[in-house]
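Peer 1: Note that the working numbering has the sequence shown beginning at 376, numbered continuously upward.
Input: one structure, supplied below.
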Amino acid sequence: MTNDIRADETVEIAGAGPAGLAAALAVRQSGRAALVYERRSGVGQRFHGDFQGLENWTSETDVLEELEAAGIRATFDHAPFHEVTVFDPRGGVRTYRSPRPLFYLVRRGPGSGTLDAGLESQAQAAGVEVRFNTGAKRLPQGGLVTAGPHRADAIAVGYLFDTDMPDGAFAVADDQLAPKGYAYLLVHDGLGTLASCMFADFHREREYLDRVETFFRINAGLRMTAPRRFGGSGNFALPRTARKGDILYAGEAAGFQDPLFGFGLRSALLSGAAAGRALATGRLGEYETFWNQRLRPLQETAVTNRWFYDRLGNRGYRAAINRLPADKDPRAYLAHAYAPRWWKRLWYRTIAQHSQRPLLHLEPGCDCVWCRCQRLAEH
Ligand SMILES: Cc1cc2nc3c(=O)[nH]c(=O)nc-3n(C[C@H](O)[C@H](O)[C@H](O)COP(=O)(O)OP(=O)(O)OC[C@H]3O[C@@H](n4cnc5c(N)ncnc54)[C@H](O)[C@@H]3O)c2cc1C
Numbered sequence: 376m377t378n379d380i381r382a383d384e385t386v387e388i389a390g391a392g393p394a395g396l397a398a399a400l401a402v403r404q405s406g407r408a409a410l411v412y413e414r415r416s417g418v419g420q421r422f423h424g425d426f427q428g429l430e431n432w433t434s435e436t437d438v439l440e441e442l443e444a445a446g447i448r449a450t451f452d453h454a455p456f457h458e459v460t461v462f463d464p465r466g467g468v469r470t471y472r473s474p475r476p477l478f479y480l481v482r483r484g485p486g487s488g489t490l491d492a493g494l495e496s497q498a499q500a501a502g503v504e505v506r507f508n509t510g511a512k513r514l515p516q517g518g519l520v521t522a523g524p525h526r527a528d529a530i531a532v533g534y535l536f537d538t539d540m541p542d543g544a545f546a547v548a549d550d551q552l553a554p555k556g557y558a559y560l561l562v563h564d565g566l567g568t569l570a571s572c573m574f575a576d577f578h579r580e581r582e583y584l585d586r587v588e589t590f591f592r593i594n595a596g597l598r599m600t601a602p603r604r605f606g607g608s609g610n611f612a613l614p615r616t617a618r619k620g621d622i623l624y625a626g627e628a629a630g631f632q633d634p635l636f637g638f639g640l641r642s643a644l645l646s647g648a649a650a651g652r653a654l655a656t657g658r659l660g661e662y663e664t665f666w667n668q669r670l671r672p673l674q675e676t677a678v679t680n681r682w683f684y685d686r687l688g689n690r691g692y693r694a695a696i697n698r699l700p701a702d703k704d705p706r707a708y709l710a711h712a713y714a715p716r717w718w719k720r721l722w723y724r725t726i727a728q729h730s731q732r733p734l735l736h737l738e739p740g741c742d743c744v745w746c747r748c749q750r751l752a753e754h
């Protein structure tokens, strides 16, 4: 096992999601060759053309600027959203507006204009080789694992549809619609996505989704044409390391996913780019420094937030929503909620010690892509 990967070697990456493609770009920008293995036949096939939000509240810097600085250009369709309408479980409704974009709406999946297709064409233009239909099981020369989630800690089920509704973003926190999570409706340019994002009671997904549809029909004037069902899962780990010898982990494969609400895209892109740079230069330790400084504090805070959110219930959601007056900037509110605090860190440590959730456990002497699957680490 060495601390350096030879500068003349191709950097191998398992997984062509946002993290893997961001990494491959960074590798090319550092002058090295990048080979990405993707087990499916194209990029974005985990998704279905659904809308996702690239959050813009966890740092003062605009997310697109931060991505650009990391070598990732926004060559995918993206629409800034400044406004969100939030419902509480008792039917209370407020519309919040932020002067700066609260998030950028992007589409996920194969097909032109999606985030995945945009990243793929950037990677191709930079000379990255992507080998489709090729699952990577081991990386004996070292490299990067960006293979996405490995189990479902949360699921989202919903519909994509055509609509004549005006653009808008709507969210509701109600355990009758999305247990321990939230339901959302996003409409842009005649397309819509609605989903129940559930953190518990997965086996009743159909029932919850039916209720979400009814809820938005009544409360947000939902009009769906040609609905297509979709679903997906998210995996939250409590990472202690994102390195296994010469193999680095990034994106959701490293557990870099927001355990509070599932906004994992930004971490996936940033961690991928940082890991790619570290591998290309052979300075793997810089990646550990990067994620410990940039991502760990956010992750620990989000784990703590999740712990409290799990215990709120409908009454608590209502109280939390009511704490935010309609004239307050929602971006500032979310920034405050996601901001690392010493007491959240302390709370996190206690949670981590008692958590039943698997830690990201990486066997140092092993070069398989997944070595944590059978093993749960003791803390
Ligand atoms: C329904 C849904 C809605 C979401 N909404 C949002 C949102 O609004 N905002 C947000 O920020 N985040 C959202 N997320 C989370 C976000 O999609 C993920 O955090 C992000 O996709 C993680 O990127 P990644 O590159 O780490 O993994 P992935 O996107 O999962 O990419 C991993 C890739 O690796 C491939 N792969 C897997 N195993 C192997 C292997 N062994 N060899 C080769 N290839 C392999 C997979 O096929 C896949 O293409 C949502 C997730 C879901 C499911």
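Here a beta-carbon is modelled for each residue, glycine too, at the ideal position from N, C-alpha and C.
1) Taking one C-beta from the segment 525-533 and one from the segment 383-403 each time, how about it: are there three or more such pairs within less than 8 Å?
2) Quick check on this structure: which residue in I593, L552, G596, A595 has the alpha carbon closest to the alpha carbon of D576?
3) Who pairs with F683 in a beta bridge, going by DSSP?
4) Please classify R448 as buried or exposed, where buried requires at least 16 other C-beta atoms within 10 Å of its C-beta.
5) Which same chain residues, not among the five before or five after S496, have their C-beta less than 7 Å away from its C-beta?
6) Near Y412, what residues of its chain come up, given a Cβ to Cβ distance below 6 Å and the 5 sequence neighbours on each side ignored?
7) Which of helix, strand or coil does DSSP assign to L552?
8) Which two residues bound the contiguous beta strand (DSSP E) that contains T600?
9) Tell me the DSSP bridge mates of I696?
10) Please confirm whether any heavy atom of ligand 1 lies closer than 6 Å to the CB of Y412.
11) Assign R724 to one of three DSSP states: helix, strand, or coil.
12) Sorted by chain position, which residues of the same chain lie with C-beta nearer than 6 Å to T679's C-beta, five sequence neighbours on each side aside?
13) Would the segment 532-543 and the segment 602-609 be scored as touching if the rule is three or more Cβ pairs under 8 Å?
14) Is it a yes or a no for the segment 618-628 touching the segment 579-589, going by three-plus beta-carbon pairs under 8 Å?
15) Which residues in the same chain have their Cβ closer than 6 Å to the Cβ of L597, if we skip the five residues on either side of it in sequence?
16) How big is the Cα-Cα spacing for T725 and G626?
17) Compute the Euclidean distance between the alpha carbons of G657 and S434, then round it to the nearest angstrom.
18) Which residues bound the alpha helix (DSSP H) around G660?
19) Should A785 be listed as close to ligand 1, given that the test is whether its C-beta is under 6 Å from any heavy atom?
20) Quickly, what does DSSP pair R755 with across the bridge? List them, please.
21) When the Cα of R698 is compared with those of R579, R669, P485, V468, which residue comes out closest?
22) Are the CB atoms of A544 and V459 nearer to each other than 7 Å?
23) Going by other Cβ atoms of all chains shown within 10 Å of its Cβ, with 16 needed for buried, is I593 buried or exposed?
24) Distance check for A492 and F422, CA to CA, integer angstroms please.
25) May I ask you to check if the CB of A617 is nearer than 6 Å to at least one heavy atom of ligand 1?
26) Would the C-beta of F638 count as close to ligand 1, meaning under 6 Å from any of its heavy atoms?
27) With distances taken between CB atoms, is the gap from P705 to S473 smaller than 7 Å?
28) Could you check whether the Cβ of R415 sits closer than 6 Å to any heavy atom belonging to ligand 1?
29) Is T521 near ligand 2, in the sense that its beta carbon is under 6 Å from a heavy atom of that ligand?
30) Assuming the contact rule is C-beta atoms closer than 8 Å, G609 and Q632 should be a hit. Round their C-beta distance to whole Å, please.
Peer 2: The relevant details are as follows:
1) no
2) L552
3) DSSP lists no partner for F683.
4) exposed
5) T450
6) A389, R506, T509, A511
7) coil
8) 600-609
9) None; I696 has no bridge partner.
10) yes
11) helix
12) K719, W722, Y723
13) yes
14) no
15) F591
16) 25 Å
17) 28 Å
18) 659-669
19) This structure leaves residue 785 out entirely; the chain is present only between 376 and 754.
20) Not covered by the structure: residue 755. The range shown for the chain is 376 to 754.
21) V468
22) yes
23) exposed
24) 12 Å
25) no
26) yes
27) yes
28) yes
29) Of the ligands one can find in the structure shown, namely ligand 1, none is ligand 2.
30) 6 Å
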